[in-house]
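This report concerns only the one structure given below.
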Amino acid sequence: MRNYLIILLLVSLGCTAEQSKIITIEGKLFTESNQPIAGVGVLSANKSATTDKQGKYTLKLPKADIYQLKFSKKGFYHSVQTFSDYELHTNINSHALIADITLVEQTEKRVMFAFGGDVMMGRRYYQPKFGDGVLISDDNRLSDSKAIVQHVKPYMSLADLAAVNLETQVSETEPEERAPKSVTFYSKPEVLEALSWAGIDYVTLGNNHTFDYMNSGLKSTLENLSNSTLGYSGAGINEQQALSAYHTTINDNDFAMLGYVGWEGGFTPNQTAGKDKGGAAYGSMNNIKNSVSREVANDKVTFVQYHGSQEYSTGPTGVTEQRLKSAIDEGAALAIAHHPHVTQGLELYNGKLIAYSMGNFVFDQYFNSTPHSFILYVWMDGEKFHRAEIVPIYLKGYKPTPATGMNRFNTMKRLVTLSKARGTNIGYSGGHGVITSANKAVENTGQYTLNFKSGTRVRSLSNLPWYNNLTSVDLPEPNLSYRLGTNLINGSDFESFATFDSNERGFLFNRENTKINDFNGNKNLQIGIDKSEPTIFGMQTFRRVYKPSSPMTIKANIRTSQLTKATFYWQGRKSKQSFTDALTNGKKHVISSVIFNNENTWQPIEIDFNSPRIGYRSFRVLVEFELQDGSNGTIDLDDFSLIEWQSAFSKEPVPKLFNLGSKQASFIGLNLTTDEAVTVIH
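So for the sequence shown, my numbering puts the first residue at 571; every next one is plus one.
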């Protein structure tokens, strides 16, 4: 059993020059039966407090970009929560109120698990694209590998057992044998020590990259794992070994951990283990039923991890869903799935929890849809599901970090929506999501006033509670209508651009001539412009998941002290075009040109266009800045968003949300500008 001594970042992460100024953070701690908890220790930035009889705490902290709070009391599981200064809306010497937090009581046989998604530390961690900095150098492999997971260590270390999907082979050098497939992974052995250091106890190998370098890579992986502290299952030198479970005992509970990949693979020899062949455990219906029933018959609390479904999809395939539910029917106590690289919903099925896709945990994908992920805490009373908690995670520059602000909203809104569609309700505890065995709906909607800046028709909704749906829109004028949309660009508000020792890697700009400014407490990106040639800014790569022929809006705030022309483009990658060729030679389609004056004031822009209808697999937007006179200058950019509208304009007070995308709305748009406020129930 893991003890509760954790190494916590006792400083506010990402401190700025404002750190000598003080803000006050307040909140309350409750039991699961909604009783206040007195005597809880609260710690952040070397400052401590204790909750009173009402469960209330007050902390006075140096003003910083990020605040991480640790809550601890004997008899309860410890908790860590992280918030950004921006999402708390703090002002100097003001108070910030944290939403109520629930602590889970320790009982004699209760066990806390933590699950993360797909993990690898190869490829772009050593050889980054687009001129980004190296994350793991050969001269400093172990410390660099630990730095990748340092910001999730406080979270994973809390659990009695923490698990991830190790989607890579492990070898000191690239193995000579290579499977005949387009993408193969291997990571250096330090990945295992870094995971163990971060609090990980077990990895599943049941995935489509466990046999990437065939027998030599599998042998190296199993040898390195055997020499580590990590437990594992889901692969082996033959089918019998691959379908064997990892066994462990925690608080007098005997657990069995099984891992599977959902398909055999289209190459020869394929990726799954056979009678006399190594590989991943094949998750056929028969294999799942037989191995689960075997463990259950031996009085093991059995967990299933399954690798399947379609990449970048919103829900599981029918095959995946049926296999996971069949595992539960055979007696499995919990089912965790992965492979899509994006998150999918959770479902309480016959009182047991299924997570259909955990998304990425440590991965180097640069697609805009893949960084939003989560840690899943699960408390089990023997084989009975007690409670789950969702910690939103954002892979910032390929590093897993606590998701805050807009990233928290987008991550949690997706999970709430996709889970609700399966009849499973997600409540909240502070900034985390909660699923209880009672599956009670959240019923605390509020009324919010939305003001639109002069001359604008589009407004973000990410300051509204992520755990509620938009249920009513009150338009102040009869000629107004509204539509709902989602933002396809990560980190577009620049508020967390440089936090957690990791920069955003999704933007295209000159790194040597750019900095983050603080303008009245709000962050923005300042780009240097050379008078001799145009300066390009935009999306570093193409948006891989988008809806063809959708109305789009580019929204931004721009400020310049010199007369500047901005030309906005979309550039696509055609269906059979290589990625490199599309970046270099893909046609740039002009959307619009705008002249910005030299008044040094913020000017909003909202430019409408339609996404490509046919012939393209992905696209991105770019803007080209050209000085019209004078010497070299600068451009200040903020809130650079690409909004994909999920609904048509409507005057209906109750939104008709015909698709799951519209239920994840992070923006509202009007057909006309107005000086009046729009009121919503959310």
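For glycine and all other residues, C-beta sits at the position ideal for the given N, C-alpha and C.
Distance, residue j Cα to residue i Cα
i	j	result
residue 670	residue 1185	49 angstroms
residue 784	residue 843	11 angstroms
residue 1037	residue 999	11 angstroms
residue 845	residue 640	49 angstroms
residue 1239	residue 1027	6 angstroms
residue 849	residue 813	10 angstroms
residue 817	residue 949	18 angstroms
residue 815	residue 975	40 angstroms
residue 607	residue 648	13 angstroms
residue 992	residue 909	20 angstroms
residue 942	residue 774	21 angstroms
residue 626	residue 668	11 angstroms
residue 790	residue 970	26 angstroms
residue 752	residue 777	16 angstroms
residue 919	residue 827	19 angstroms
residue 1167	residue 1195	13 angstroms
residue 771	residue 730	9 angstroms
residue 795	residue 766	11 angstroms
residue 1255	residue 1113	Look at the range of the chain in this structure, 571 to 1252, and you will see that residue 1255 is not part of it.
residue 1099	residue 854	58 angstroms
residue 571	residue 676	Note that residue 571 has pLDDT 39, beneath the 50 cutoff, so the model's placement of it is unreliable and no number is given.
residue 1157	residue 1138	13 angstroms
residue 937	residue 1115	8 angstroms
residue 614	residue 643	15 angstroms
residue 1131	residue 696	40 angstroms
residue 1222	residue 866	53 angstroms
residue 1180	residue 721	39 angstroms
Residue span of the alpha helix (DSSP H) that contains residue i, given as start and end
i	result
residue 857	855-867
residue 976	975-990
residue 657	655-658
residue 809	809-812
residue 899	888-899
residue 1146	Element bounds for residue 1146: n/a, residue is neither H nor E.
residue 1230	1230-1233
residue 791	784-796
Buried or exposed (CB count within 10 angstroms, at least 16 for buried), residue i
i	result
residue 1146	exposed
residue 793	exposed
residue 1252	buried
residue 781	buried
residue 874	buried
residue 1150	exposed
residue 1237	buried
residue 1002	buried
residue 787	buried
residue 987	buried
residue 701	exposed
Residue interval of the beta strand (DSSP E) (run including residue i)
i	result
residue 1204	1203-1215
residue 917	916-919
residue 999	997-999
residue 827	823-831
residue 679	Neither: residue 679 is in no beta strand (DSSP E) and is coded neither H nor E.
residue 1197	1186-1197
residue 1092	1092-1099
residue 1089	1084-1089
residue 666	665-667
Residue j beta carbon less than 8 angstroms from that of residue i
i	j	result
residue 1067	residue 1073	yes
residue 1085	residue 1197	no
residue 897	residue 862	yes
residue 859	residue 900	yes
residue 1177	residue 1165	no
residue 989	residue 916	yes
residue 689	residue 734	yes
residue 742	residue 712	no
residue 1048	residue 1247	no
residue 1077	residue 1110	yes
residue 593	residue 666	yes
residue 601	residue 673	yes
residue 1119	residue 1190	no
residue 1231	residue 1188	no
residue 1229	residue 1216	yes
residue 1224	residue 1042	yes
residue 911	residue 935	yes
residue 1126	residue 1163	no
Ignoring anything shorter than 3 residues, give me the beta strand (DSSP E) runs that lie fully in the region 691-767, in order along the chain.
731-736
Quick check on the DSSP output: what are the complete beta strand (DSSP E) runs of length 3 or more inside the region 1030-1081, in order along the chain?
1042-1044 and 1052-1057
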